[in-house]
Amino acid sequence: MIRRSLQGLRVVLVEPSHPGNIGAAARAMKVMGLRQLVLVKPRFFPDPEATALASGAEDILASAQVCADLDTALQGCHKVYGTSARDRRIHWPVSTAREAAGEILADLGNGDCALLFGRERTGLTNAELDRCQVLVHIPTAEEYHSLNLGQAVQVLAYELHLAALVLRPPQTAPVVREKPAPAEEMEGFYGHLQQVLRCTGFFQPVRETRLMRRLRRLFDRAAPSQNEVNILRGMLTEMTRWATKVDKKDQDSL
Ligand code: SAH
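The opening position of the sequence shown corresponds to residue 11 in the working numbering, with each subsequent residue numbered one higher.
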């Protein structure tokens, strides 16, 4: 029952450099009933140090998926959580590890989710955090925020396990709504939106990244379904077609 409720969760390690941390993460996951480990461009993998630290969780390593990029790692996920040791200047919705565990469990009811961990030295880049709808922070002492990667995975895995243990079926009937579109469809939409907005001259060059980030926040909050994404993209396509027609008419009348 516990395992089933956490089954759709991918733990994604982005460019881990120490194989020992991969092993420690696998062990941290296994003891808490998490199974899907995804590695984006690991520096060394497989590696004897990873196997040594997995100690009993070799099966998690053996079934780990190794990806060349984040897009592949997130394929099919409808919600992405990113962990961060730092307060970021950009405003993402932030949850503590405990709050996030409850939210993730609820989101898993709608399909696969991903929990991202960053590089040992530099964490996740802003571009990678752009792919996350929620930022997760493990509360720490004021003077030092940064846990070891394997230990950060352990804290989150523990919170998820605990949340799954106390999980009760909802008292009221859940509201039936369409599942949110997966990450790759949202990326397709954001790419399309950016391209159309760029053509209209909406962006002043320096503000493009910042505006796109705000638009991502806006649409991520709405969590549109696949059908809704199709409608949005259909609108963009029609607007482009219309603008081209108007442009041509203007030119013809010259
Ligand atoms: N210097 C890096 C720290 C990286 S620690 C930075 O400032 O981001 C490696 C990874 O462990 C982080 O990317 C994050 O995924 C996780 N981690 C470490 N401490 C954390 C904390 N307090 N809350 C959430 N995640 C944390």
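Every residue, glycine too, gets a C-beta built ideally from N, C-alpha and C.
Check your understanding: In whole angstroms, what is the alpha-carbon distance linking R108 and Y168?
Key -> Start at 1 with the first residue of the sequence shown, and residue 108 comes out as number 98. Start at 1 with the first residue of the sequence shown, and residue 168 comes out as number 158. The straight-line gap from Cα to Cα measures roughly 9 angstroms.
**Study point:** Beta carbon proximity, N158 to chain B, threshold 8 angstroms
**Key:** This model lacks chain B altogether; it includes just one protein chain.
Check your understanding: Where DSSP assigns a beta bridge to F127, which residues make up the other side?
Key -> What you label residue 127 is simply residue 117 of the sequence shown in a count that begins at 1. Answer by DSSP bridge pairing, in chain order: L23.
Point to revise | N- and C-terminal bounds of the beta strand (DSSP E) containing K89 | key: Taking the sequence shown and counting its residues from 1, one reaches residue 89 at position 79. K89 to T93 is the span of the beta strand (DSSP E), which, as asked, contains K89.
Check your understanding: Regarding R131 and the ligand SAH, is the C-beta to nearest heavy atom distance less than 7 angstroms?
Key -> Position 121 of the sequence shown, counted from the first residue, corresponds to residue 131. Yes, the Cβ of R131 comes within 7 angstroms of a heavy atom of the ligand SAH.
Review point. In angstroms, rounded to a whole number, what distance separates the CA positions of A82 and S15?
Key: Here residue 82 is taken as the residue at index 72 of the sequence shown, counted from 1. Here residue 15 is taken as the residue at index 5 of the sequence shown, counted from 1. One detail in the question is off: residue 82 reads as Thr in this sequence, not Ala. Using only the alpha carbons, I get a separation of about 23 angstroms.
Exercise for review: Compute the minimum distance between the beta carbon of V146 and the heavy atoms of the ligand SAH, and state whether it is under 7 angstroms.
Suggested key: On the sequence shown, residue 146 is found 136 positions in, with the first residue counted as 1. V146: yes, Cβ under 7 angstroms from the ligand SAH.
Exercise for review: Output the distance between the C-alpha atoms of P26 and A38, rounded to the nearest integer angstrom.
Suggested key: In the sequence shown, counting from the first residue as 1, residue 26 sits at position 16. In the sequence shown, counting from the first residue as 1, residue 38 sits at position 28. When rounded, the distance between both Cα atoms is 16 angstroms.
Review point. Taking DSSP as the reference, what is the three-state secondary structure of P180?
Key: Here residue 180 is taken as the residue at index 170 of the sequence shown, counted from 1. Confidence is the limiting factor: at P180 the pLDDT is only 48, short of 50, which leaves the residue's position unreliable, though a coordinate-based value still follows. Residue state, collapsed to three classes: coil.
Point to revise | Residues of its chain near G275, where Cβ-Cβ distance is below 7 angstroms and the 5 sequence neighbours each way are ignored | key: For the chain, the structure presents residues 11 to 264; residue 275 sits outside this window and is missing.
**Study point:** Beta-carbon spacing of V48, A74 below 8 angstroms
**Key:** Against the sequence shown, residue 48 aligns to sequence position 38. Against the sequence shown, residue 74 aligns to sequence position 64. Going by C-beta atoms, V48 is nearer than 8 angstroms to A74.
Point to revise | Buried or exposed (CB count within 10 angstroms, at least 16 for buried), R141 | key: Locating residue 141 in the sequence shown gives position 131, where the first residue counts as 1. Buried, since its Cβ has 16 or more Cβ neighbours within 10 Å.
Review point. Just to confirm, does H28 get its C-beta within under 7 angstroms of one of the non-hydrogen atoms of the ligand SAH?
Key: Taking the sequence shown and counting its residues from 1, the one referred to as residue 28 is at position 18. Checking the Cβ of H28 against the ligand SAH gives no.
Practice item. Within 10 angstroms of the Cβ of K259, are there 16 or more other Cβ atoms? Answer buried if so, exposed if not. Key: Numbered from its first residue, the sequence shown carries residue 259 at position 249. With fewer than 16 other Cβ atoms within 10 Å, it is exposed.
**Study point:** Spatial neighbours of L225 in its chain, beta-carbon cut-off 8 angstroms, leaving aside the 5 residues before and after
**Key:** Within the sequence shown, the letter at position 215 stands for residue 225. Closer than 8 angstroms at Cβ, skipping near neighbours: Y200 and L203.
Exercise for review: Determine the closest residue to R131 out of L221, H28 and T219, with distance taken between C-alpha atoms.
Suggested key: Stepping through the sequence shown from its first residue, residue 131 is reached at position 121. The residue with the shortest Cα to Cα distance from R131 is H28.
Review point. By the 10 Å Cβ neighbour count, where 16 or more other Cβ atoms means buried, how is S263 classified, buried or exposed?
Key: Reading the sequence shown from its first residue, position 253 is the one you call residue 263. Counting Cβ neighbours within 10 Å, S263 comes out exposed, since fewer than 16 surround it.
Review point. In terms of DSSP beta bridges, what is Q75 paired with?
Key: Translated into the one-based positions of the sequence shown, residue 75 becomes position 65. Answer by DSSP bridge pairing, in chain order: V48.
Check your understanding: Taking 7 angstroms as the cut-off, is the CB of S156 close to at least one heavy atom of the ligand SAH?
Key -> As a working mapping, residue 156 is identified with position 146 in the sequence shown. S156 Cβ: within cutoff of the ligand SAH.
Exercise for review: Pair every Cβ in the segment 115 to 132 with every Cβ in the segment 85 to 96, then say whether three or more of these pairs are closer than 8 angstroms.
Suggested key: yes
Review point. Just curious, the beta strand (DSSP E) that S65 is in, first and last residue?
Key: Along the sequence shown, read from residue 1 onward, the residue named residue 65 stands at position 55. Annotation: S65 is outside any beta strand (DSSP E) and is labelled neither H nor E by DSSP.
Check your understanding: Quick one: what does DSSP say H202 is sitting in, helix, strand or coil?
Key -> Counting from one through the sequence shown, the residue named residue 202 turns up at place 192. If DSSP states are grouped into helix, strand and coil, H202 belongs with the helices.
Exercise for review: Tell me whether F127 counts as near the ligand SAH, meaning its Cβ is closer than 7 angstroms to at least one heavy atom of that ligand.
Suggested key: In the sequence shown, counting from the first residue as 1, residue 127 sits at position 117. For the ligand SAH, at least one heavy atom lies less than 7 angstroms from the Cβ of F127.
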